[in-house]
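The block underneath contains the structure these notes are about, expressed in structure tokens.
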Amino acid sequence: MNDKFFDLKSEKQDRMINASLKVFASNGYRHASTDDIVKEAGISKGLLFHYFINKMGLYSFLIDYSVRYMSFEFSRTIGEETDYFGYLEKLETAKLNVLKNYPYMNEFIENCISEDRNDIEESGKAAIQAYKDTLGKYRAKVMTPNLRSGVEIGQLENMISYTIKGLTSEVVDSDGFKPEELNKKIIEYLGVFKKMAVN
Numbered sequence: 003m004n005d006k007f008f009d010l011k012s013e014k015q016d017r018m019i020n021a022s023l024k025v026f027a028s029n030g031y032r033h034a035s036t037d038d039i040v041k042e043a044g045i046s047k048g049l050l051f052h053y054f055i056n057k058m059g060l061y062s063f064l065i066d067y068s069v070r071y072m073s074f075e076f077s078r079t080i081g082e083e084t085d086y087f088g089y090l091e092k093l094e095t096a097k098l099n100v101l102k103n104y105p106y107m108n109e110f111i112e113n114c115i116s117e118d119r120n121d122i123e124e125s126g127k128a129a130i131q132a133y134k135d136t137l138g139k140y141r142a143k144v145m146t147p148n149l150r151s152g153v154e155i156g157q158l159e160n161m162i163s164y165t166i167k168g169l170t171s172e173v174v175d176s177d178g179f180k181p182e183e184l185n186k187k188i189i190e191y192l193g194v195f196k197k198m199a200v201n
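Note that this note's numbering has the sequence shown beginning at 3, numbered continuously upward.
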């Protein structure tokens, strides 16, 4: 990556980052097109490759940038929370703060983790592992709630994960996206799950 990218006005940086996050998040690395990225960002392909040598260089930059950005939000929002549902609310609030500036960043990171490409640059692989370690560190502090008979924590977590992904996908792709409304919906659903699953 050409470090002069950070000399650009922040608005243009964010426009290029957001366009790239959206295309990679929507299509995965293999099917993401740099033509679509430059069209979405409103720039020339020559300018894109002036700052990022190739598609993989851009992809690796986005991984590192996204992990750093999201990890910062986690650190200032989650803190030392140990209550299970309190942790989930704070985690989603941190993601909300990210969504305000980068609507596709979380989806991009999740896709990077699931793709687990062997050809990602070492810096990208290290960043993904750092992201997993960061979330693992916060999760390790959380106490498992006292669940009702017949409810298993793994099943509960899968249900919560599927619900949050569904809500996020539905709202982010809609016109007039409002992060605060998404966060409110997610917290409401977490309250429902808590009533259903916890003694």
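Don't be surprised by glycine CBs; every beta carbon is placed ideally from N, CA and C.
The structure presented is a predicted model; accordingly, all values stated were derived computationally and were not measured.
- Residue pairing for L149: DSSP places it in a beta bridge opposite V200.
- In the structure shown, G30 adopts helical secondary structure according to DSSP, grouped into three states.
- The alpha-carbon of F74 is positioned some 24 angstroms away from that of K187.
- Secondary structure remark: continuous beta strand (DSSP E) runs of at least 3 residues inside the region 104-181: none found.
- Secondary structure at G59: helix, using DSSP grouped into helix, strand and coil.
- The Cβ atoms of M107 and F54 lie no closer than 7 angstroms to each other.
- A residue is called buried when at least 16 other Cβ atoms come within 10 angstroms of its Cβ; Y164 does not meet this threshold and is exposed.
- For the pair N113 and N201, the Cα-to-Cα distance works out to about 35 angstroms.
- Rounded to whole angstroms, the gap between the alpha carbons of K196 and F87 is 7 angstroms.
- Just measuring C-alpha positions, the residue of Y61, A21, S151 and T95 sitting nearest A199 is S151.
- In this structure the region 27-43 does not lie against the region 62-82, because fewer than three pairs of beta carbons, one per stretch, are closer than 8 angstroms.
- Contact check for I80 against Y133 fails: the beta carbons are separated by 7 angstroms or more.
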